[in-house]
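Trainee: Take this structure first; my questions come after.
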Amino acid sequence: MKARVNHLEETRIKTSHFYEHLKKKFMSDQQKKISRWKKESDKFGKILELINQRTKNLVIASASLTMRKSQEGSQKTIPKKEATVMFEK
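Going by the numbering used here, the sequence shown opens with residue 1, and the numbers climb by one from there.
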């Protein structure tokens, strides 16, 4: 009977140690996974920021080009008031 109690106690201790080992391993694996995901998230975040910046630059360049074209177009056309004055002379 005493041998059986000792065996059960040893089994309980081994199980407890194994449980602690698995818990530490699980936590370590989860921390590694989170770290890897964070690195990947940061990498994709930088890529998205770069794309956003390029898009903003394209919009600014497009708006600037549109303004220049509209200014050039308005300079080429003679306003009606000036046109009538030119023909009256």
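Even glycine gets a Cβ: it sits at the ideal position worked out from N, Cα and C.
1) Measure the alpha-carbon distance for ARG4 versus THR11 and round it to whole angstroms.
2) For MET109, does the three-state DSSP call read helix, strand or coil?
3) Nearest-angstrom Cα distance between GLU20 and ASP29?
Mentor: Looking at the coordinates:
1) Locating residue 4 in the sequence shown gives position 4, counting from the first residue. Locating residue 11 in the sequence shown gives position 11, counting from the first residue. In a straight line, the C-alpha of ARG4 is about 10 Å away from that of THR11.
2) Examination of residue 109 is not possible in this model, given that the chain is present from 1 through 89 alone.
3) As a working mapping, residue 20 is identified with position 20 in the sequence shown. As a working mapping, residue 29 is identified with position 29 in the sequence shown. So the two alpha carbons sit approximately 14 Å from each other.
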